Amino acid sequence: MSTSVQTLVNQPYKYGFITDIESDSIPAGLSEDVIRVISAKKNEPEFMLEFRLKAYRQWLKLVEPNWAEVGYPAIDYQKIVYYSAPKVSEKKKSLDEVDPTLLETFEKLGISLSEQKRLSNVAVDAIFDSVSVATTFKEKLAKDGVIFCSFSEALQEHPELIKKYLGTVVPVADNYFAALNSAVFSDGSFVFIPKGVKCPMELSTYFRINNGESGQFERTLIVAEEGASVSYLEGCTAPMYDSNQLHAAVVELVALDNAEIKYSTVQNWYAGDAEGKGGIYNFVTKRGLCQGVNSKISWTQVETGSAITWKYPSCVLVGDNSVGEFYSVALTNNRQQADTGTKMVHVGRNTRSTIISKGISAGHSENSYRGLVKIGPKAAGARNYSQCDSMLIGNQAGANTFPYIQVQNSSAKVEHEASTSKIGEDQLFYFTQRGISMEDAIAMMISGFCRDVFNQLPMEFAVEADKLLALKLEGSVG
Amino acid sequence: MITENSDVILSVNNLTATVENTPILKGMNLEIKAGEIHAIMGPNGSGKSTFSKVLAGHPDYAVTGGAVSYLGQDLLALEPQDRARSGLFLAFQYPLEIPGVSNLDFLRVSYNSKRKHEALEELDAFDFDDLVHEKLGVVQMDAAFLSRSVNEGFSGGEKKRNEILQMAILEPKLAILDETDSGLDIDALKIVAGGVNQLSNAQNATLLITHYQRLLDYIIPDYVHVMANGRIIRTGGKDLALELEARGYDWVLEAEAV
Numbered sequence: 001m002s003t004s005v006q007t008l009v010n011q012p013y014k015y016g017f018i019t020d021i022e023s024d025s026i027p028a029g030l031s032e033d034v035i036r037v038i039s040a041k042k043n044e045p046e047f048m049l050e051f052r053l054k055a056y057r058q059w060l061k062l063v064e065p066n067w068a069e070v071g072y073p074a075i076d077y078q079k080i081v082y083y084s085a086p087k088v089s090e091k092k093k094s095l096d097e098v099d100p101t102l103l104e105t106f107e108k109l110g111i112s113l114s115e116q117k118r119l120s121n122v123a124v125d126a127i128f129d130s131v132s133v134a135t136t137f138k139e140k141l142a143k144d145g146v147i148f149c150s151f152s153e154a155l156q157e158h159p160e161l162i163k164k165y166l167g168t169v170v171p172v173a174d175n176y177f178a179a180l181n182s183a184v185f186s187d188g189s190f191v192f193i194p195k196g197v198k199c200p201m202e203l204s205t206y207f208r209i210n211n212g213e214s215g216q217f218e219r220t221l222i223v224a225e226e227g228a229s230v231s232y233l234e235g236c237t238a239p240m241y242d243s244n245q246l247h248a249a250v251v252e253l254v255a256l257d258n259a260e261i262k263y264s265t266v267q268n269w270y271a272g273d274a275e276g277k278g279g280i281y282n283f284v285t286k287r288g289l290c291q292g293v294n295s296k297i298s299w300t301q302v303e304t305g306s307a308i309t310w311k312y313p314s315c316v317l318v319g320d321n322s323v324g325e326f327y328s329v330a331l332t333n334n335r336q337q338a339d340t341g342t343k344m345v346h347v348g349r350n351t352r353s354t355i356i357s358k359g360i361s362a363g364h365s366e367n368s369y370r371g372l373v374k375i376g377p378k379a380a381g382a383r384n385y386s387q388c389d390s391m392l393i394g395n396q397a398g399a400n401t402f403p404y405i406q407v408q409n410s411s412a413k414v415e416h417e418a419s420t421s422k423i424g425e426d427q428l429f430y431f432t433q434r435g436i437s438m439e440d441a442i443a444m445m446i447s448g449f450c451r452d453v454f455n456q457l458p459m460e461f462a463v464e465a466d467k468l469l470a471l472k473l474e475g476s477v478g
Numbered sequence: 001m002i003t004e005n006s007d008v009i010l011s012v013n014n015l016t017a018t019v020e021n022t023p024i025l026k027g028m029n030l031e032i033k034a035g036e037i038h039a040i041m042g043p044n045g046s047g048k049s050t051f052s053k054v055l056a057g058h059p060d061y062a063v064t065g066g067a068v069s070y071l072g073q074d075l076l077a078l079e080p081q082d083r084a085r086s087g088l089f090l091a092f093q094y095p096l097e098i099p100g101v102s103n104l105d106f107l108r109v110s111y112n113s114k115r116k117h118e119a120l121e122e123l124d125a126f127d128f129d130d131l132v133h134e135k136l137g138v139v140q141m142d143a144a145f146l147s148r149s150v151n152e153g154f155s156g157g158e159k160k161r162n163e164i165l166q167m168a169i170l171e172p173k174l175a176i177l178d179e180t181d182s183g184l185d186i187d188a189l190k191i192v193a194g195g196v197n198q199l200s201n202a203q204n205a206t207l208l209i210t211h212y213q214r215l216l217d218y219i220i221p222d223y224v225h226v227m228a229n230g231r232i233i234r235t236g237g238k239d240l241a242l243e244l245e246a247r248g249y250d251w252v253l254e255a256e257a258v
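Those protein sequences? They're chains A and B, same order as listed. Throughout the first sequence, residue numbering follows the UniProt record's numbering, covering 1 to 478 in sequence. Throughout the second sequence, residue numbering follows the UniProt record's numbering, covering 1 to 258 in sequence.
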């Protein structure tokens, strides 16, 4: 009756189905011509095409990064389909006109787009492969002056805003994957909260990859003007394919004076099977610019999916007294690899940042925290507090912490705490001796371990996140 | 509280067990009936704690022979959580710290898993809260302990009291107390012993595992067993404990030629 903690068996991935829908795809491969085709298909303004081409030319000169603690075979960028969209002639004005197959797909994923069943206080932008298929509550939000729409729509209706802010936080040549995204991105969400407006509901984007050969390159831009505030959440799932799919997104946030942006992610892309076959390569660049005084940007992420995760949601704290926060739970199981963390770049005076990172590694997975805290020469009185905790389940998993701290101002205060713990057999025995099953015991301990992060999630999603982790680890002890 | 015809709760027959292939239990025999309090004493390394862990089903111990019947069923065939849910409770010598899990949640999940096992409806958070507050008095514990993580940062005495609180809530049929007196000052010892006495009745049984006679001043056993080299070598009444206190273990060991 050996009850030792053994190799982990994952709960079957319940979002792994494929939607059978005709799609409008372009042939695989990447060139200036392909970029022109994408831009033409989307009927983009001239500045957008120039932006894309500039990014592409930069990308050609860049080298794929290899410093992360992850390993994967070389990606053939000529074999990826850069544009795939469900075949609909144009964006529908009302949900009644949206292809029912698509509505069903999102329904199956637990995202109801129909008027009756949707979450009452959450507006949703649903993105299927490369395009946005529906955005709810748009009119209601518009009454407050809030713009929440797909990126393509924003390019048609608010090109001046896109032109003003796009690429200001993540420049086209920022890094290899950001440059690729800037060249070929297909859709994403655009959020604009005007001066003084507190967005009356949660905004949420739901990303779904369906096509087996396509990459997903979405672009999200959120701008909060002076005194504005918004809470935004993204969720992601994908079908199960034996091949790996590339997901290279870019998210830019801009907060002006006294503005506040809270960005939460629950990432559950397909992680590959127990042997590591298939799964999403999640190579994402997310950065927020606290441009104004007293502005605040807060990242919360729950990363449970993807074969490989490579992402560092960051804050550039330019405005005096601005605040950056990063709360993260990254769970890896089986053969998953995650190299994730944040960068807090303190530029302005009295800027403050908090980093709370919780890594959980089970199975044969590798989970690394990588973070940079940089205090610039003018950042007098800057403060940072970092806490990085790792938890190991079983003896085959790995956890690493790579904190980089650069301080150029002597009045700054930087604190870093780290811990590694293991769910021990004796702890599990204590639970079972009190009649609590091992699965429940692990779920309770994980939930306690992650509480500081889950508390940051919007209410509706905190419960979901808790359940998601429990599901991911179900059957993880034998 | 010995009654001739009361139900047998635990019957251990020629039990042998190993840890990492080293034999520790070498033929344990013991019968415990409802209403009885037994104490097992013995020198270090005699196998007392191993015996308690084998009964509770600790995964590090392998049973190599013999049989254990608990309330008429084959105890060794049950998973540890099922043993617990059927009323076998082990108060740990070193209760574990569980960071991030509140004492109250732990108690509630534990209690409800037992209710579920008995096909009873689970108690909601409000009713359970009432139950816990009622039981806090048994070990004179402050309600503030409930919101803290299980045993985290508790003193030795607080941990032991927390064990007895769990016991008070779970109302076991067989409570095994492994060195519960170790590390307790006299006041804490009195509180813990008082708790155990309050919980003991004609329907349940208690097995005390201890080094020292002083616990037995507060919890009066019906039987005292001396354990050495993996088995019980002598059984007597309360007086045997006093004799051991006065004379040490050597004379028993010699007499039994262990």
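All C-beta atoms in this analysis are idealised placements derived from N, C-alpha and C, irrespective of residue type, glycine included. The structure presented is a predicted model; accordingly, all values stated were derived computationally and were not measured.
Other residues of its chain near residue i: CB distance less than 7 Å, five sequence neighbours each side excluded
{"i": "N151/B", "result": "P95, L96, E97, I98, K159 and N162"}
{"i": "T16/B", "result": "P23, L25, K26, G27, T64, G65 and G66"}
{"i": "T304/A", "result": "Q267, N268, L331, L468, L469 and K472"}
{"i": "L256/A", "result": "A224, E225, E226, Q291, G292 and S295"}
{"i": "Q198/B", "result": "V138"}
Among the options, the one whose alpha carbon lies nearest that of residue i
{"i": "H58/B", "options": "S447/A, N455/A and M438/A", "result": "M438/A"}
{"i": "I37/B", "options": "P23/B, R85/B, L216/B and Y212/B", "result": "L216/B"}
{"i": "K163/A", "options": "V230/A, T136/A and R52/A", "result": "R52/A"}
{"i": "D125/A", "options": "G435/A, V197/A and E202/A", "result": "E202/A"}
{"i": "L60/A", "options": "Y385/A, N175/A and E226/A", "result": "N175/A"}
{"i": "F252/A", "options": "G288/A, G279/A and E225/A", "result": "Before going on, a small fix: residue 252/A reads as Glu here, not Phe. Nearest C-alpha to E252/A: G288/A."}
{"i": "T432/A", "options": "E256/B, I232/B, K173/B and F89/B", "result": "F89/B"}
{"i": "V293/A", "options": "P65/A, A228/A and Q245/A", "result": "A228/A"}
{"i": "residue 263/B", "options": "G230/B, Q73/B and E171/B", "result": "This structure cannot settle anything about residue 263/B, because the visible part of chain B is limited to 1 through 258."}
Proximal residues of chain A, C-beta to C-beta of residue i below 7 Å
{"i": "Q81/B", "result": "T432, G435, I436 and S437"}
{"i": "F51/B", "result": "Here the premise fails: no neighbours, minimum Cβ distance about 15 Å."}
{"i": "L96/B", "result": "D426, Q427 and Y430"}
Residue j beta carbon less than 8 Å from that of residue i
{"i": "Q93/B", "j": "S49/B", "result": "yes"}
{"i": "Y369/A", "j": "G341/A", "result": "yes"}
{"i": "Y212/B", "j": "K190/B", "result": "no"}
{"i": "S322/A", "j": "S295/A", "result": "yes"}
{"i": "S357/A", "j": "G381/A", "result": "no"}
{"i": "V250/A", "j": "V170/A", "result": "yes"}
{"i": "S86/B", "j": "L71/B", "result": "yes"}
{"i": "I38/A", "j": "V172/A", "result": "no"}
{"i": "A91/B", "j": "D7/B", "result": "no"}
{"i": "L246/A", "j": "Y281/A", "result": "yes"}
{"i": "L123/B", "j": "L131/B", "result": "yes"}
{"i": "Y312/A", "j": "V254/A", "result": "no"}
{"i": "H346/A", "j": "I375/A", "result": "yes"}
{"i": "S306/A", "j": "A271/A", "result": "yes"}
{"i": "G435/A", "j": "A399/A", "result": "no"}
{"i": "V81/A", "j": "I26/A", "result": "yes"}
9 Å Cβ cut-off: residues of chain A touching residue i
{"i": "Q73/B", "result": "The premise fails here: Q73/B is roughly 16 Å from chain A at the closest Cβ pair, so nothing lies under 9 Å."}
{"i": "A56/B", "result": "F429, T432 and Q433"}
{"i": "P99/B", "result": "S421, M445, G448 and F449"}
Neighbour list for residue i in chain A, Cβ cutoff strictly below 8 Å
{"i": "H133/B", "result": "Simply none; closest approach about 19 Å."}
{"i": "R85/B", "result": "G435"}
Listed by chain order, chain B residues near residue i by CB distance under 8 Å
{"i": "E425/A", "result": "P59 and D60"}
Within chain B, partners of residue i - CB distance below 7 Å
{"i": "G359/A", "result": "Correct list: empty, because the minimum Cβ distance to chain B is about 15 Å."}
{"i": "D440/A", "result": "V109"}
Residues near residue i in its chain [Cβ-Cβ closer than 6 Å; skip 5 each side]
{"i": "G324/A", "result": "I297, C315, L317, M344 and S353"}
{"i": "P377/A", "result": "Q408 and N409"}
{"i": "A246/B", "result": "none"}
{"i": "E44/A", "result": "L155"}
Close Cβ partners of residue i (< 8 Å) along its chain, the five nearest in sequence each way excluded
{"i": "T235/B", "result": "Y223, V224, H225 and V226"}
{"i": "V19/B", "result": "T50, D60, Y61 and A62"}
Interface residues of chain B facing residue i [CB-CB closer than 9 Å]
{"i": "G394/A", "result": "Within 9 Å Cβ-Cβ: nothing; G394/A doesn't reach chain B, min ~14 Å."}
At what residue ranges does the region 3-37 of chain B contain a whole run of the alpha helix (DSSP H), taking only runs of 4 or more? none
Hey, which unbroken runs of the alpha helix (DSSP H) at 4 residues or more fall wholly within the region 79-167 of chain B? 80-85, 103-117 and 125-136
Continuous beta strand (DSSP E) assignments of at least 3 residues falling wholly in the region 46-92 of chain A: 84-86
Runs of 3 residues minimum, wholly inside the region 407-469 of chain A: which ones carry the beta strand (DSSP E) assignment? 413-422
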